[in-house]
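Step one of this worksheet: look at the structure below.
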Amino acid sequence: MAATPHDPHNLRELAATVALGYRITRRQQKGKRTGRLEQRVDTIREKAQAREDAREDARRKKK
Numbered sequence: 000m001a002a003t004p005h006d007p008h009n010l011r012e013l014a015a016t017v018a019l020g021y022r023i024t025r026r027q028q029k030g031k032r033t034g035r036l037e038q039r040v041d042t043i044r045e046k047a048q049a050r051e052d053a054r055e056d057a058r059r060k061k062k
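In numbering that gives the first Met the number 0, the protein residues as written are 0 to 62.
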């Protein structure tokens, strides 16, 4: 279930992305590295988009 019809992320992915964004901001303020956290956010986004693209392809094939 996506938050909006235009959003490929489900609620768990949205919550994880927001939490990671908070952690990234806190680490940046402390002058620490954030690369791994940013990679996790990118991975979540890529998986969500791939899943949504697969759903869209399946919808097109049904018609």
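In this text, a Cβ means the ideal position worked out from N, Cα and C, and glycines have one as well.
Going by DSSP, Arg26 is part of the alpha helix (DSSP H) stretching over Leu10 to Lys29. Annotation: Arg32 is outside any alpha helix (DSSP H) and is labelled neither H nor E by DSSP. By a beta-carbon distance limit of 8 angstroms, Leu19 contacts Arg39. Their separation comes to about 6 angstroms. If the five residues before and after Asp6 are omitted, its C-beta is found closer than 7 angstroms to no C-beta atom of its own chain. Arg22 places its beta carbon 9 angstroms or farther from that of Leu10.
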